[in-house]
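Asker: Those letters in the sequence shown? Residues 1326 to 1369, per our numbering, in order. All residues carry an ideal CB built from backbone N, CA and C; glycine is no exception. Here it is: the structure, laid out below.
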Amino acid sequence: MDVVNHLCKEFGISRLTLGIAGLKDKNAITRQWISIYKSALKKI
């Protein structure tokens, strides 16, 4: 969540415009996907 909050602050977008998804477990290499709502792309 730190990265999501940082991106929102850096680009001046609402937290509601970002979606996050991913699986994590203690012993795995993991990935986190972040999506950006279409209208927020203009600000980036």
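Out of curiosity, what's the CA-to-CA distance linking T1342 and I1361?
Answerer: Roughly 6 Å between the two C-alpha positions.
Asker: Would you kindly report the start and end of the unbroken beta strand (DSSP E) that includes S1360?
Answerer: From DSSP, the beta strand (DSSP E) with S1360 extends over R1356 to I1361.
Asker: So the alpha helix (DSSP H) K1349 belongs to, where does it begin and stop?
Answerer: Unbroken run through K1349: none, as it is neither H nor E.
Asker: Excluding five sequence neighbours on each side, which residues of the same chain lie with their C-beta closer than 6 Å to the C-beta of C1333?
Answerer: Cβ neighbours of C1333 beyond the five flanking positions: R1340.
Asker: Are the beta-carbon atoms of W1358 and I1345 separated by less than 8 Å?
Answerer: Contact: yes.
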